Structure formats: structure tokens, C-alpha cells
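Read top to bottom, the protein sequences are chains A and B.
Heads up: the first sequence is residues 1 to 138, going by the numbering used here.
Heads up: the second sequence is residues 139 to 684, going by the numbering used here.
Data block below; observations after.
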Amino acid sequence: MFKEIMVPVDLRHVANLTKTLTVAADLAQKYGARITYVGVTGSEPSAVAHNPEEYSEKLAQFAASEAAKNGLSARGHTIVAHDPAVDLNHKLADAVKELHADLVIMATHLPNVADFIWASHGGHLAAHSKASVFLVRG
Amino acid sequence: MAEADESQGIPAPEGDTQLIDTEYEIGQDNFEGSLGPIGFDVHNPVFMVSALAVMAFVFYALALPTQASEIFGALRPWLTSTFDWFFLSSADFFVLFCLFLIVSPWGKVRLGGKDATADYSYIGWFAMLFAAGMGIGLMFFGVLEPVYHMAISSPLGTPSPFDADGNLIPANVDRAKAMGLAATIYHWGLHPWAIYAVVALALGLFSYNKGLPLTIRSAFYPIFGERIWGWTGHVIDILAVFATLFGLATSLGFGAQQANAGLNHVFGIPIDITVQVILITIITGIALFSVLRGLDGGVKLLSEINMGLAALLLLFVLFVGPTLLIMADFGQGLLTYAKEIIPLSNPFGRTDDSYRDGWTAFYWAWWISWSPFVGMFIARVSRGRTVREFITCVLIIPSLVCVLWMAVFGGVAIDQVLSDPATSAVKAQVIDSYNPPLSLFAMLEGLPLSSITSVIAIVLVIVFFVTSSDSGSLVIDTITAGGKVDAPVPQRVFWATFEGAVAIVLLVGGGLSALQAMVISTGLPFTLVLLVMCWAIIKGLRAEPR
Numbered sequence: 001m002f003k004e005i006m007v008p009v010d011l012r013h014v015a016n017l018t019k020t021l022t023v024a025a026d027l028a029q030k031y032g033a034r035i036t037y038v039g040v041t042g043s044e045p046s047a048v049a050h051n052p053e054e055y056s057e058k059l060a061q062f063a064a065s066e067a068a069k070n071g072l073s074a075r076g077h078t079i080v081a082h083d084p085a086v087d088l089n090h091k092l093a094d095a096v097k098e099l100h101a102d103l104v105i106m107a108t109h110l111p112n113v114a115d116f117i118w119a120s121h122g123g124h125l126a127a128h129s130k131a132s133v134f135l136v137r138g
Numbered sequence: 139m140a141e142a143d144e145s146q147g148i149p150a151p152e153g154d155t156q157l158i159d160t161e162y163e164i165g166q167d168n169f170e171g172s173l174g175p176i177g178f179d180v181h182n183p184v185f186m187v188s189a190l191a192v193m194a195f196v197f198y199a200l201a202l203p204t205q206a207s208e209i210f211g212a213l214r215p216w217l218t219s220t221f222d223w224f225f226l227s228s229a230d231f232f233v234l235f236c237l238f239l240i241v242s243p244w245g246k247v248r249l250g251g252k253d254a255t256a257d258y259s260y261i262g263w264f265a266m267l268f269a270a271g272m273g274i275g276l277m278f279f280g281v282l283e284p285v286y287h288m289a290i291s292s293p294l295g296t297p298s299p300f301d302a303d304g305n306l307i308p309a310n311v312d313r314a315k316a317m318g319l320a321a322t323i324y325h326w327g328l329h330p331w332a333i334y335a336v337v338a339l340a341l342g343l344f345s346y347n348k349g350l351p352l353t354i355r356s357a358f359y360p361i362f363g364e365r366i367w368g369w370t371g372h373v374i375d376i377l378a379v380f381a382t383l384f385g386l387a388t389s390l391g392f393g394a395q396q397a398n399a400g401l402n403h404v405f406g407i408p409i410d411i412t413v414q415v416i417l418i419t420i421i422t423g424i425a426l427f428s429v430l431r432g433l434d435g436g437v438k439l440l441s442e443i444n445m446g447l448a449a450l451l452l453l454f455v456l457f458v459g460p461t462l463l464i465m466a467d468f469g470q471g472l473l474t475y476a477k478e479i480i481p482l483s484n485p486f487g488r489t490d491d492s493y494r495d496g497w498t499a500f501y502w503a504w505w506i507s508w509s510p511f512v513g514m515f516i517a518r519v520s521r522g523r524t525v526r527e528f529i530t531c532v533l534i535i536p537s538l539v540c541v542l543w544m545a546v547f548g549g550v551a552i553d554q555v556l557s558d559p560a561t562s563a564v565k566a567q568v569i570d571s572y573n574p575p576l577s578l579f580a581m582l583e584g585l586p587l588s589s590i591t592s593v594i595a596i597v598l599v600i601v602f603f604v605t606s607s608d609s610g611s612l613v614i615d616t617i618t619a620g621g622k623v624d625a626p627v628p629q630r631v632f633w634a635t636f637e638g639a640v641a642i643v644l645l646v647g648g649g650l651s652a653l654q655a656m657v658i659s660t661g662l663p664f665t666l667v668l669l670v671m672c673w674a675i676i677k678g679l680r681a682e683p684r
């Protein structure tokens, strides 16, 4: 059914992602799919890492630990954006194409008034990519 | 999973840069939450204190307008005449410092580590350097300054080509013309760009190579150590936000007046507050759109459009005006600049106070008060360049472009003034009466197709303001978010709107000049900040692997 699952992650808030990560792992096991954890970072130092290389290493570590824990095949994919707060949506849409992902599983917030102006990342992705999108409420 | 989470913020030296080992984690002092549906992530207390202090000052300027304009109005001339030697010698030092870095072995150090690649192409990069730092000044002063220095301010005691009755003295013409251009180039060439380069390099180095947050305080790590995360650092950042916000808001107010003057000149639209408020609203609206589209989709795109338009106008004036004469002026101006740069930069034993204090010291204070903003923006877009490449590009190329711009616009204007003083509109607006916002339009009037070029000029004035406003909002947002570049987008919207609102309030209530004078006064403490930054740069570069 699915071969390549893409899971966008925010390494700063991994603790909030438990439900999403579990769903992703379960589906990957069921369909024998590979998971790619995708992280978006700027080139400036952030709370997670001092530079994109370090970010990339941390994401790879994260992917490896998830893979070992759930016995599945997983990797990390780092996207460096000039302006992460704004570029996130279309960078994720590009990643779907680049990775040939057929399913995206991501955490999302409860919709609120602000979504009329700034649509949720998941909503944007569902509207702008061919992959199936599974939004998990945190 | 928990393992990756716990290791956040702990430096992992990689060999190709020398990370600073600090316990501080970016965003640890931040206050995250949501106001109704809108999320925010701001530094506590920098965000609150900056916003409240700005409001307090606006309130003060409105409540006691006479007192505010008396205090700040007197403060600026006092600073520029008392500390002229300090501004001049510091600026000279920054130029020498930058030139030294180009030839020093540290020139090989790359911002972002040995293997980093440049984030932006040269064109996008240059366009952004200009649009943030200088664009609007080129529009405002391109005609005014060369003509004024040639005829009125007598740099280095150069005699005016006009006598007291306004008659031409042919013997003085050549020297005054060359000096008018050289004295202008001096204010727009190596010195201002060296000031910006120092700030940008300090921030880039401490952020990309040392792993500290992209905020002004980071450059002070070699001096204050861990204390920069406390109030010492808060004060530095708050001062930077303060200078940037007021600098932008007051320029926005004055820019609206210039655009209004242009619209009046071309279309006969009345000069009044309502038109200016509408202009500020439009400029802020476009800036909002631009910050929402982000660095690539908004700021960079507008900067490139602007650069293209400015180049068109420049080429038009160059080829429609007396081309050969302009090229000769360009050469002559550059030559005179090279010859006179040392006497012009000399802070001591001079008698040309109206030029040295009234213009040079004023400019240096102004560039320096803008340097946290422009420097930080330059840093943001300069990752992946080596120190040598960075300084050469930030110092030499923008200087040359400014020289060309001033030679073309100033050269044509000077030619108009000298060839037909009786009917020259530039002479009427600059020498006979002092009307800076109209000087550019007066020059364009003397060329063919002036109705089209004047409209292009108005559009350029407006777009240059947009590109200052949007990049300024990004910078303020990053500083007030503790160096985070991925803070929620509504925060940028807040700063861009706030800036427009402050400009409108000051325009309607009065107080624009008082607060502008105050911003320029921040140039004095920031000169010290910049001197310290030079030391921090050396200290930082020495530790870098080359």
C-alpha cells in the first residue's frame, strides 16, 4: 500500500510527537514501508543545533534510535531553509516529491481562527502534494 | 528519542569551526505561548522592555513636544560638534581594520565553517545589501549632496563657484566640481560600508562559527562571557531594537514626506498629512506582505526588483544626460576622492566645521546608529563567504556602485547648475532655497521624459522604504526572539505594523525630528560598541582554524 512514509519532525518538541511517531511506526511495520524523518532548519544556530551539519547529525541519530526501537527501516532528511518560519510549507511539499513519499504523517494543532490567515502546515501539504496526508492531533 | 532531546544545545565541536562552549541554549529565556489563536515565542525581557520603551518615548514626544524637540534637537548638534573627532577617527579606524582583514591570514576563515557554501548568489546578495542599508539615501541625497558640497559647505575650505550675488566664478569651477563629488563619495564609500562590515562580520562570526544566537549580544561573548545572557546582554539588544525601530519609523515618516513632495511635483497631489498617512499605510502594507512571503519570496525578490529599477534609472540618466562629461566626472571624482581621502578623514586641525560637523560627523553617527540593523541583516544573508570575500564585497563593490550613482546623479545635476545657473531647477531647490526632497525631481526635470522618470523615482523611493521596513522587521523580530529565526510569523507582522503605527503617530502628532535626533545620538554609544566588536572579531578569528 505504502512504500515511503515521510514524517516531518520538530527536534525541539520530540516529546509532543509520541502519538505521531507511534502511528507512523505501526503503519510502516504493517506495510513494510520505510520512514524518512524530515527536519527543517535555518543555517543560523538554533536551540537544537549550532549549524546545519550538527542538525543533520542529530536528525540521523534520532532516525536511528527510532529504527532500532521499532525494528524498522528509517533515515533522516535535513532541509536547510533561508527563512524556516515561512519556507516550511513549500519545503515540505518539495520534500514529498524529492523523497517519492506516498504517505505523510504529521502532528498538527487544533484548528483555530488563525488558520484562516495562516493555514496549518498539514492542511497546506494536503492541498499541495499528491501523497496521502495523515494528520495526527497532538 | 529522549536521547536526542537531551543532547540539544550541547556544543559538538566539529573541527572546522571553533564553537564556543556555553551552557546557554538558544530560546531558553523565551516566553512561548499564545494570545488567543496566535502563537508567539519571544525573549523575556527583551521583547517587552523594547516594546514598552518605544511606546513610552512616543508618548513622551507627543505629550511634551516642545521639551522633546528642545532636548533632542540640541543633543544632536552638541554630539556631532563635541565628538566629531571621535566619530571621524573611529570611522577611519574601521576602514583600516577592514582593509587589514582583507590582507591578513584570517581572510581565509569562512563564515559557517570551512565547508560552508554561500546561501545566496552574488546578485541577490548585493541587491539585499543595498536595499537594506542605503537605497533610500541614494534617492534622497544623490542630487542634493554633490551640488551642496560644491556650492555651499566648502569641504576643506574649497571656494564656491558662485560669488555672494550668485554669479559664476569660472576659476573656481573645476576644483569645486571635483570636490563636490569627492566629498559626497567620502560619505557613501568606504567608511559607511566599513561600519556595516564590522557589525556584520562580528555577528556572522559569532553566530555561524561559534554557534551563538544571531543577536547583537553574541559579539560580546569574548568580553563578558556568560554574563551576556543576563542584563548586560539584554541592554545591548534592547538598545539595538530601540535604534532600529525608531530609525525605521522616523525614516518612514520622512520618506512619506519625500514621496508626497514627488507626487505633488508630478501630479499636483496636495502636500498634507492625510496623503502621507496613506503612503505610510501602503508602504507598511507592502512590507507586511513581504515579511509574510519570507526572506526569499519577499525581501530578496523586492530587493532585486528595486535594484533593476534603480539600474534602469541610472542608465537612463547616464545616457540621456551628457554621457562623456559624466564619465569624466566619475573619473575626476574618484581621483579627487583618492587624493583627498586622507585630508577629508583627518579629524583634527580643520576649519571646515559646516562640512565636518554638519555633514561628516552627522553621517558617521547616522550610519553607526543604523549598523545594528544593517549589520545584522547582512550577517543573515552572508553565510558561506570567507572573511576576505565578505569584506571585499561589502566594502569595495558597494562603494564603487555608490560612487557611480553619485557621479551620475550629482554629475548631471552639477552640469545643469553650472551650464545654465539662471534657469536651473536644481540650483533653485538646493542652492537658492534648501528643499532636499525635491532635488532629485528637479534634476530629472532637466532631462527628457521627466514625467516617466519622476514616476519611476517615486516608485523607487516607496520600494526602497519597503525593503528597509521588511528587513528591519525581520531583524527586530530575530533580536526580540533571542536570536531565533523561526519564531512564529505573527511576530514579524507585529513589528512591521508597530513600526508603521509609530511613524503615523509621530507624523500626525509631531516629534519625527526629535526622535530622529535621538536615534542619531545612539550613534555615540554604538561607536564604542563597534570598537569593542573589532577586538572581539580579532579574538574570534584567532581561535578559528584556517
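Every residue gets a Cβ at the ideal spot worked out from N, C-alpha and C, and that includes glycine.
What you are looking at is a predicted structure, and each value in this text was computed from that prediction instead of being measured.
Practice prompt. Would you list the residues sitting across from Asp-179 (chain B) in a DSSP beta bridge?
Written response: Answer by DSSP bridge pairing, in chain order: B:Glu-170.
Item to complete: Using a Cβ cut-off of 7 Å (strictly closer), state whether Gly-327 (chain B) contacts chain A.
Response: With 7 Å as the cut-off, Gly-327 (chain B) does not count as an interface residue toward chain A.
Worksheet entry | Closer than 8 Å at the beta carbon, the chain A residues around Lys-252 (chain B) | Residues of chain A passing the Cβ test: none, with the nearest at roughly 11 Å.
Practice prompt. Answer yes or no: does any C-beta atom of chain A fall closer than 7 Å to that of Glu-442 (chain B)?
Written response: False, the Cβ-Cβ gap to chain A never drops below 7 Å.
Item to complete: Measuring alpha carbon to alpha carbon, tell me which of B:Asn-168, B:Leu-585 and B:Asn-444 ends up nearest Pro-460 (chain B).
Response: Per the C-alpha coordinates, the member of B:Asn-168, B:Leu-585 and B:Asn-444 positioned closest to Pro-460 (chain B) is B:Leu-585.
Item to complete: Look at the Cβ atom of Val-568 (chain B), then the Cβ atom of Leu-319 (chain B), and state whether they are nearer than 7 Å.
Response: The answer is no: Cβ separation not under 7 Å.
Practice prompt. Measure the alpha-carbon distance for Ala-681 (chain B) versus Thr-220 (chain B) and round it to whole angstroms.
Written response: Ala-681 (chain B) and Thr-220 (chain B) have their C-alpha atoms roughly 38 Å apart.
Discussion item. Looking only at its chain, what residues have a beta carbon closer than 6 Å to the beta carbon of Ile-488 (chain B), apart from the 5 residues adjacent to it on each side?
Written reply: According to the sequence provided, residue 488 (chain B) is Arg. The question's Ile does not apply to it. Excluding the 5 residues flanking it on each side, Arg-488 (chain B) has same chain C-beta neighbours closer than 6 Å at Arg-494, in chain order.
Fill in: His-100 (chain A): contacting residues in chain B (beta-carbon distance under 8 Å)
For a Cβ distance threshold of 8 Å, nothing in chain B lies close to His-100 (chain A): the least Cβ distance comes to about 25 Å.
Worksheet item: For Val-233 (chain B) versus Leu-339 (chain B), is the C-beta distance shorter than 7 Å?
Response: Not a contact, by the Cβ cut-off of 7 Å.
Fill in: Ile-126 (chain B) versus Phe-225 (chain B) - alpha carbon distance
Residue 126 (chain B) is absent from the structure shown; chain B starts at 139 and stops at 684.
Worksheet item: To the nearest whole angstrom, what separates the beta carbons of Leu-472 (chain B) and Ile-594 (chain B), a pair I think is in contact under 8 Å?
Response: About 26 Å separates the beta carbon of Leu-472 (chain B) from that of Ile-594 (chain B), a gap too long to meet the 8 Å contact definition.
Item to complete: Would you decide whether Lys-130 (chain A) is buried or exposed? Buried here means 16 or more other CB atoms lie within 10 Å of its CB.
Response: Label assigned to Lys-130 (chain A): exposed.
Fill in: Beta carbon of Ala-277 (chain B) nearer than 7 Å to that of Leu-598 (chain B)
The sequence given here places Met at residue 277 (chain B); Ala does not occur at that position. Yes, they are a contact pair.
Fill in: Element boundaries [alpha helix (DSSP H), containing Thr-561 (chain B)]
Element bounds for Thr-561 (chain B): n/a, residue is neither H nor E.
Practice prompt. Note down the Cα distance separating Asp-558 (chain B) from Leu-582 (chain B), rounded to an integer number of angstroms.
Written response: The alpha-carbon separation between Asp-558 (chain B) and Leu-582 (chain B) amounts to approximately 15 Å.
Fill in: Cβ neighbours of Val-415 (chain B) in the same chain (closer than 6 Å, five flanking residues each side left out)
Excluding residues within five positions, the ones whose Cβ falls inside 6 Å are Ile-642.
Discussion item. Strictly below 8 Å CB to CB, what residues from chain A border Ile-164 (chain B)?
Written reply: Near Ile-164 (chain B) (Cβ distances below 8 Å), the residues of chain A are Pro-45, Ser-46 and Ala-47.
Worksheet item: Between Gln-29 (chain A) and Leu-343 (chain B), what straight-line distance do the alpha-carbon atoms span, to the nearest angstrom?
Response: Rounded to whole angstroms, Gln-29 (chain A) to Leu-343 (chain B) spans 45 Å at the Cα level.
Worksheet item: On the three-state DSSP scale, how would you describe Pro-45 (chain A)?
Response: It is coil, neither helix nor strand.
Fill in: Cβ-based burial, Arg-137 (chain A) [other Cβ within 10 Å; buried from 16]
Burial check for Arg-137 (chain A): the Cβ neighbour count within 10 Å stays below 16, so the residue is exposed.
Worksheet item: Per DSSP, Met-106 (chain A) forms a beta bridge with which residues?
Response: Bridge partners of Met-106 (chain A): A:Leu-135.
Worksheet item: With contact counted as at least three CB pairs below 8 Å, one residue from each stretch, are the segment 654-666 of chain B and the segment 379-389 of chain B in contact?
Response: Yes, they touch.
Worksheet item: Could you give the distance in angstroms between the alpha-carbon of Thr-218 (chain B) and the alpha-carbon of Ser-228 (chain B)?
Response: In this structure, the straight-line span from the alpha carbon of Thr-218 (chain B) to that of Ser-228 (chain B) is close to 13 Å.
Worksheet item: Taking 7 Å as the CB-CB limit, is Gly-71 (chain A) close to chain B?
Response: Chain B contact via Cβ: absent.
Discussion item. I'd like the ranges of any alpha helix (DSSP H) spanning at least 4 consecutive residues and lying wholly in the segment 182-230 of chain B.
Written reply: The qualifying runs are 184-201 and 203-220.
Worksheet entry | 7 Å Cβ cutoff, Pro-84 (chain A) in contact with chain B | The beta-carbon of Pro-84 (chain A) is placed less than 7 Å from the nearest beta-carbon of chain B.
Discussion item. I'd like the list of long-range same chain contacts for Val-604 (chain B), defined as Cβ closer than 7 Å, with 5 residues on each side in sequence excluded.
Written reply: For Val-604 (chain B), where only same-chain residues beyond five positions count, the Cβ hits under 7 Å are Ile-421, Ile-424, Ala-425, Ser-428 and Leu-440.
Discussion item. Taking a contact to mean a Cβ-Cβ separation below 7 Å, would you say Ile-529 (chain B) touches Ala-335 (chain B) in this structure?
Written reply: Yes. Within cutoff.
Practice prompt. Please compile the residues from chain B whose C-beta is within a distance smaller than 7 Å of the C-beta of Gly-76 (chain A).
Written response: By Cβ distance, chain B contributes nothing, its closest Cβ being about 10 Å from Gly-76 (chain A), past 7 Å.
Discussion item. I want to see whether chain E comes within less than 7 Å of Arg-521 (chain B), judged by CB atoms only; does it?
Written reply: Going by chain labels, chain E is absent from the structure shown, which instead holds the protein chains A and B.
Discussion item. Just to confirm before moving on: does the CB-CB distance between Thr-41 (chain A) and Leu-99 (chain A) stay below 7 Å?
Written reply: No; because the gap between Cβ atoms is not below 7 Å, this pair is not in contact.
Worksheet entry | Neighbourhood of Gly-245 (chain B) by C-beta distance below 7 Å, restricted to the same chain and skipping five residues each side | These residues qualify, in order along the chain: Leu-239, Thr-524, Val-525 and Arg-526.
Item to complete: Indicate the three-state DSSP secondary structure (helix, strand or coil) for Pro-8 (chain A) in the structure shown.
Response: Three-state DSSP puts Pro-8 (chain A) in a strand.
Discussion item. Is it the case that the segment 203-217 of chain B contacts the segment 175-190 of chain B, given that we only count it when at least three CB pairs across the two stretches are under 8 Å?
Written reply: By the Cβ rule, the segment 175-190 of chain B does not count as touching the segment 203-217 of chain B, because fewer than three pairs are nearer than 8 Å.
Discussion item. Can you give me the C-alpha to C-alpha distance between Glu-4 (chain A) and Val-104 (chain A), rounded to a whole angstrom?
Written reply: Each residue's alpha carbon lies about 9 Å from the other.
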